[in-house]
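Counting from 541, one number per residue, gives the positions in the sequence shown under the numbering used here.
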Amino acid sequence: MDLQRSSTMRCSPTLILLGTVAVLGGFPLGYFTAIVSGAMLIIREQFHLNDQWQQLTVSTTVASAAVFSLVGGWLNHKIGRRKVILNSCLFYIIGSIVTSVANGKEVLIFGRFIHGIAIGLSSCTIPVYLAECVPTNVRGRMLILFPVLITFGQWIACISAASFSYMQDKNSSWRIMYSVGGIPVLFQLMSLPFMPESPRWLISKGRKEEAFKVLKSIYGESDHGIAMAQINVESITETSRTTDPSSENKGFALLKMMKKRTTRKALIVGCALQMFQQLSAINVVMYYSASIIRMGGVRNETTAMWMSAVTSTANFLGTVLGAYLIERLGRRLLVFLSLTGVIFGLLLMGTGFHLISIHAMPGKFVESNRPATDHCIQFNCDDCSYDPNCGFCFNSAAYHPQLTGTCVSISKNGSEILSTEYALYGRCSKKVNNQNFKSSYNAPNVQFDYGFCTTRYSWIPILAMTSFLCFFSIGYF
């Protein structure tokens, strides 16, 4: 494989199949990481999730993926790349079923944990499988398509969430969001039996004849294809002999790399770049994009989801642009451009939420039947939006609406939350008589904000996220 030099070789059916199916593995990886962004707006209302449970729902997948990406490396060596990809498909499907039928937050989190297993296994296996199977003249393009499909999956997830949010039955809408992500996985699962195993893994297990047949099916049955297959078998055999952790090559590969100056420098730079990318808050922005937009002052859930889809579009287009520019501008310049844009996006987002905070409406209005024990009354709108037991009520039609606001407890019976759309008492409580005004509240022209504050600065976090995701994805490679 490493000796492939022909740029005119035709793609064989085997190469097309394995390339297509393997690259498609990026789609569910992106879909199931991003779908929680939109679904969370509905799930947190249905299961009454506080901040800790929301964080656990999201972080469980990330933690599971981190652990099983390490396990995946060991499994790749033991059972082969194709079987690991197959198992990841099964975990994707099982996770979709569990999350779709979840009747409580514990079951939902368990389903998210299973999705994390699938994400961890596929993310550490598919790039390796492609690199070991695909000839060098098309390998770069194939490997670039994998992250493009990841961001495409994230984009489709946001569009799906916004589309299904129109359903009247909210209990079914978020379940469908999770279940449809398993459809492309079924196609991948049905195609895997026709895909070859990695020739490098076969040779490492002493199965040279099988590896030769795989390489011949990839390069073609022509004289040139057979010759290339034989050359690659010899090349891989020699490489495996020098890198195989057998009796004469015992020791930790990482320690050996750290002892050599050239490999040590490359390893540190590569790991540092990956670390800085992950520490830039990409997971927070991607997983909570709809929630961040809602916190920025967008009242309607569906609107927040569509705005999240807009930011995800920037993420996808940025990845496509990065794939186009990487060989034209070079990786160093692209990384510098990406990090600069990420810093700008984060600063802009922080500025936006700071403006929202300092211009939040004060809670000075006194409800006529306010209980003295309500702890919410001490908050302004910004503080009120962060307390899961409180909502902010004000008169949106008043000449000075900021003078009509107050933070009150949401509708509940003891510790059980009844509704986040109404206050427990006062103007924004649910109307119980036939007063002559068109409102479901106990007073006309009032508005009840839960989890956000109405503000004129909503556009800043949206612009910041769009900028952040676009620049981050440009340097994703």
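Glycine is no exception: its CB is placed at the ideal position from the N, C-alpha and C atoms. Because the structure is a prediction, the values reported are computed rather than measured.
{"Query": "Pull up the distance between the alpha-carbon of ALA830 and that of LEU1003, whole angstroms please.", "Result": "13 Å"}
{"Query": "Can you give the beta carbon distance from PHE631 to LEU661, rounded, assuming they're within the 8 Å contact cut?", "Result": "7 Å"}
{"Query": "Classify MET797: buried if its beta carbon has 16 or more other beta carbons within 10 angstroms, exposed otherwise.", "Result": "exposed"}
{"Query": "Short of 8 Å in beta carbon distance, which residues of its chain neighbour SER786, apart from the five on each side in sequence? Order them along the chain.", "Result": "Confidence at SER786 is low in this model, with a pLDDT of 48, below 50, so the placement of that residue should be treated as unreliable; the coordinate-derived value is given next. Hits under 8 Å: none found."}
{"Query": "Under 8 Å between the Cβ atoms of ILE575 and ALA701?", "Result": "yes"}
{"Query": "I'd like to know whether the C-beta atoms of MET835 and SER925 end up nearer to each other than 8 Å.", "Result": "yes"}
{"Query": "If you drop the 5 nearest sequence neighbours on each side, which residues of the same chain put their C-beta closer than 8 Å to that of LEU865?", "Result": "LEU874, ILE1014"}
{"Query": "Between the C-alpha atoms of HIS894 and TYR828, what's the straight-line distance to the nearest angstrom?", "Result": "18 Å"}
{"Query": "Would you mind sorting ALA806 into buried or exposed? The rule is 16 or more other CB atoms within 10 Å of its CB.", "Result": "exposed"}
{"Query": "Are at least three pairs of beta-carbons, each pair with one atom in the stretch 663-681 and one in the stretch 734-750, less than 8 Å apart?", "Result": "yes"}
{"Query": "What three-state label does DSSP hand LEU958 in the structure shown?", "Result": "strand"}
{"Query": "Less than 6 Å between C-beta atoms, sequence neighbours within five positions excluded: which residues of the same chain meet that for PHE572?", "Result": "HIS655, GLY721"}
{"Query": "Distance, Cα to Cα, GLN918 vs THR859?", "Result": "46 Å"}
{"Query": "Secondary structure at ASP591, three-state DSSP: helix, strand or coil?", "Result": "helix"}
{"Query": "Please report the distance separating the alpha-carbon of ASN677 from that of TRP593.", "Result": "48 Å"}
{"Query": "Write down every uninterrupted run of the alpha helix (DSSP H) in the stretch 592-679 whose length is 4 residues or greater and which is fully enclosed by it, in chain order.", "Result": "621-640, 645-673"}
{"Query": "With H, G and I counted as helix, E and B as strand and the rest as coil, what does DSSP make of GLY765?", "Result": "helix"}
{"Query": "Does ALA938 come out as helix, strand or coil in the three-state DSSP assignment?", "Result": "coil"}
{"Query": "Going by beta carbon distance, what residues of the same chain come within less than 7 Å of GLY565, once the five residues before and after it are set aside?", "Result": "ILE625, SER662, ILE666, GLN728"}
{"Query": "What whole-angstrom Cβ distance do ASN935 and ASN982 have, given they're in contact under 8 Å?", "Result": "Not a contact, Cβ separation roughly 12 Å."}
{"Query": "So, does the stretch 614-624 touch the stretch 711-725, judging by three or more C-beta pairs under 8 Å?", "Result": "no"}
{"Query": "Which residues mark the beginning and the end of the beta strand (DSSP E) in which LYS748 is found?", "Result": "Run containing LYS748: none in the beta strand (DSSP E); it sits in the alpha helix (DSSP H), 748-759."}
{"Query": "Within 8 Å, do at least three Cβ pairs link the stretch 759-771 to the stretch 638-650?", "Result": "no"}
{"Query": "For ASN772, which three-state DSSP category applies?", "Result": "helix"}
{"Query": "Suppose contacts are defined by Cβ-Cβ distances below 8 Å. Is SER705 in contact with MET845 by that definition?", "Result": "yes"}
{"Query": "Expressed to the nearest angstrom, what Euclidean distance is found between the alpha-carbon atoms of PRO568 and VAL824?", "Result": "19 Å"}
{"Query": "Quick check on the DSSP output: the beta strand (DSSP E) that includes GLN987 runs from which residue to which?", "Result": "986-989"}
{"Query": "Pull up the distance between the alpha-carbon of GLY885 and that of PHE876, whole angstroms please.", "Result": "14 Å"}
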